[in-house]
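Step one of this worksheet: look at the structure below.
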Amino acid sequence: MQATKAVDVDALAALVPDGASMTVQKGDERDVPMALAHALIRRRVRGLRLITLPTAAYPASGMMVDLLIGAGCVASVETSGISLHELGAAPRFTQAVKSGRLIVRDATCPAVYAALQAGAKGQPFAPLRGLIGSDLLRHRDDYRVIANPFAPGDPIVVVPAINADVAIFHAAKADAEGNVWIGRDRDRLLAAHAADLVLVTVDERVNGCFFDDEAMAAGVIPADLIGALAVVPGGGVPCLADGRVDLAAVRRYQRAATDEEGFAAWLRERVLRGEPVAA
Amino acid sequence: MDSGAQVRPEELQASAIADLLAGARRVAVGMLSPVPGAGALLAAHLSGGQTQVTILGSRAHSRFTNGGAELFDRAGRGGIDAFFLSGGQIDGRANINLVGTGDYPRTEVRWSGSFGSAYLYFIVPRVVLFRWEHSRRTLVEAVDFI
Numbered sequence: 013m014q015a016t017k018a019v020d021v022d023a024l025a026a027l028v029p030d031g032a033s034m035t036v037q038k039g040d041e042r043d044v045p046m047a048l049a050h051a052l053i054r055r056r057v058r059g060l061r062l063i064t065l066p067t068a069a070y071p072a073s074g075m076m077v078d079l080l081i082g083a084g085c086v087a088s089v090e091t092s093g094i095s096l097h098e099l100g101a102a103p104r105f106t107q108a109v110k111s112g113r114l115i116v117r118d119a120t121c122p123a124v125y126a127a128l129q130a131g132a133k134g135q136p137f138a139p140l141r142g143l144i145g146s147d148l149l150r151h152r153d154d155y156r157v158i159a160n161p162f163a164p165g166d167p168i169v170v171v172p173a174i175n176a177d178v179a180i181f182h183a184a185k186a187d188a189e190g191n192v193w194i195g196r197d198r199d200r201l202l203a204a205h206a207a208d209l210v211l212v213t214v215d216e217r218v219n220g221c222f223f224d225d226e227a228m229a230a231g232v233i234p235a236d237l238i239g240a241l242a243v244v245p246g247g248g249v250p251c252l253a254d255g256r257v258d259l260a261a262v263r264r265y266q267r268a269a270t271d272e273e274g275f276a277a278w279l280r281e282r283v284l285r286g287e288p289v290a291a
Numbered sequence: 061m062d063s064g065a066q067v068r069p070e071e072l073q074a075s076a077i078a079d080l081l082a083g084a085r086r087v088a089v090g091m092l093s094p095v096p097g098a099g100a101l102l103a104a105h106l107s108g109g110q111t112q113v114t115i116l117g118s119r120a121h122s123r124f125t126n127g128g129a130e131l132f133d134r135a136g137r138g139g140i141d142a143f144f145l146s147g148g149q150i151d152g153r154a155n156i157n158l159v160g161t162g163d164y165p166r167t168e169v170r171w172s173g174s175f176g177s178a179y180l181y182f183i184v185p186r187v188v189l190f191r192w193e194h195s196r197r198t199l200v201e202a203v204d205f206i
């Protein structure tokens, strides 16, 4: 098969149109494409409709979403949770909600997964237990309650499928063909199945083919699902190569982003200059 | 207890939680739940292998292989006996609020969001609510967002 040609990260960012719906991963793996988020901010993308799968509440994922919101790239976010995990609130997200600049479509994790699974299968919606009686359901005009057609007297919530215009994520490595290795993290595979365009950054490109090794093949996204690929060593910082997160870096961000001036300085010094992502 | 040993309040809470998990087969621990996590591991230790604990986001304490949906899929099939939830507000009817205070959507205080609560609260038979701060601010008459 024809190998996927890698592009640079700014070329990836150029593929995200203004106003696109875009999924981002939850950040408990090395899946946060921070370099690509920086490139999106540099290209001054506007009106993104973010969908977090299902949250952005780990330090790196929360920080990336907070940066995009603070930089004015985001019109709305569908999420089950945004924070910097044990470090506390995501400052620009919190501020944007308070000021009314950001539309939040509050969700709950299993509803996001059910909707994404439906999207990945080409189904229009998915039924889901729970939710009935919650304000969450009351405020989501796209979540409906229907009668179970197979059992009388059994109301059940249905949620519309999620098929985002774009999915973005980071991964450790791609092989010569462009297959992307994700290990046991099925979430990125699910996101890739559900989105119309999949944009991926990887730390490295390796020789050979992951499908030659059955153990590796179990944790691979096939190249034909990937729309475009960029090799960006350290593109997932502040997630480190050993799987840990550079919490000190996220804490520095959190302190800086507490007010507008500090956040503007952070953008100026660390994002807009286009230097490699460094904590 | 050893003479002079100091018991920290967190240890008491973990121990109380372990007691609440007696008899549970499969226990899951979600986001930002370190003390319930410790309580669950204590319950597993005391159960002689009967209680199995999954801590989300942990490499050491998770044997899940099907992504973030697995917890919810398993719970939907009755495979999770106990889970932990908290809230910025908890009221006397055991409603919880993880979204914010004041009039939604422009809440005065905005918290992270509901995570899996709007589903797991309905599905998991034994949900333990935990909250360190017991005050009028956290334990309210009626939560602002259910």
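So the protein lines, in turn, are chains A and B. To convert a position in the first sequence, counted from 1, into our numbering, add 12. To convert a position in the second sequence, counted from 1, into our numbering, add 60. Even glycine gets a Cβ: it sits at the ideal position worked out from N, Cα and C.
*Shortest alpha-carbon distance to V178 of chain A belongs to which of A:L80, A:G239 and A:G231?*
A:G239
*asked:* Measuring alpha carbon to alpha carbon, tell me which residue in B:F190, B:D133, B:I206 and B:G128 is nearest D118 of chain A.
replied: B:I206
*asked:* For A178 of chain B, would you say it is in contact with chain A, using Cβ-to-Cβ distances shorter than 7 Å as the test?
replied: yes
_Interface residues of the segment 54–69 of chain A facing chain B [CB-CB below 7 Å]_ = P66, T67 and A69
_I'd like to know whether the C-beta of D215 of chain A is nearer than 7 Å to at least one C-beta of chain B._
no
*How far does the alpha helix (DSSP H) with D292 of chain A in it reach, from first residue to last?*
Any question about residue 292 of chain A goes unanswered here, given that chain A covers just 13 to 291.
*Extent of the continuous alpha helix (DSSP H) run through L79 of chain A*: P71 to G82
*Verify the CB distance criterion: does R191 of chain B have a CB-CB separation below 7 Å to chain A?*
no
_Between the segment 126–146 of chain B and the segment 89–106 of chain B, can you find at least three pairs of beta-carbon atoms closer than 8 Å?_
yes
_Below 8 Å on C-beta distance, what does A206 of chain B contact in chain A?_
A small correction: the amino acid at residue 206 of chain B is Ile; Ala does not occupy that position in the sequence shown. Residues of chain A passing the Cβ test: G145, S146, D147 and L148.
*asked:* Can you tell me whether C85 of chain A is helix, strand or coil according to DSSP?
replied: coil
_Own chain partners of A135 of chain B with C-beta closer than 7 Å, once the 5 adjacent residues on each side are dropped_ = L180, I183 and V184
_Suppose you measure from the CA of A291 of chain A to the CA of G165 of chain A; what does that come to, to the nearest Å?_
Residue confidence for A291 of chain A is low, a pLDDT of 44 falling below 50, so the modelled location carries little weight; the figure read from the coordinates is stated next. About 55 Å.
*Close Cβ partners of F124 of chain B (< 6 Å) along its chain, the five nearest in sequence each way excluded*: E130
*Compute the Euclidean distance between the alpha carbons of A138 of chain A and Q66 of chain B, then round it to the nearest angstrom.*
52 Å
*Residues bridged to H97 of chain A (per DSSP)*: For H97 of chain A, which the question treats as bridged, DSSP gives no partner whatsoever.
*F182 of chain B - DSSP class collapsed to helix/strand/coil*: helix
*asked:* Counting only C-beta atoms, is S93 of chain B closer than 7 Å to chain A at any point?
replied: no
_With the cut-off set at 7 Å, would you say N157 of chain B and V188 of chain B are in Cβ contact?_
no
*Examine chain B for any beta-carbon lying closer than 7 Å to the beta-carbon of C121 of chain A, and answer yes or no.*
yes
*Can you name the start and end residues of the alpha helix (DSSP H) that A126 of chain A belongs to?*
C121 to K133
*asked:* Does L24 of chain A pass the burial test, meaning 16 or more other C-beta atoms within 10 Å, or should it be called exposed?
replied: buried
*Anything in chain B within Cβ reach of Y265 of chain A, meaning under 7 Å, just list it in chain order.*
Result: empty, since nearest Cβ-Cβ is about 17 Å, beyond 7 Å.
_Counting only beta-carbon separations shorter than 7 Å, does I194 of chain A have a partner in chain B?_
no
*asked:* Assuming V87 of chain B and A103 of chain B are in contact, meaning their beta carbons sit under 8 Å apart, how far apart are those beta carbons, in whole angstroms?
replied: 7 Å
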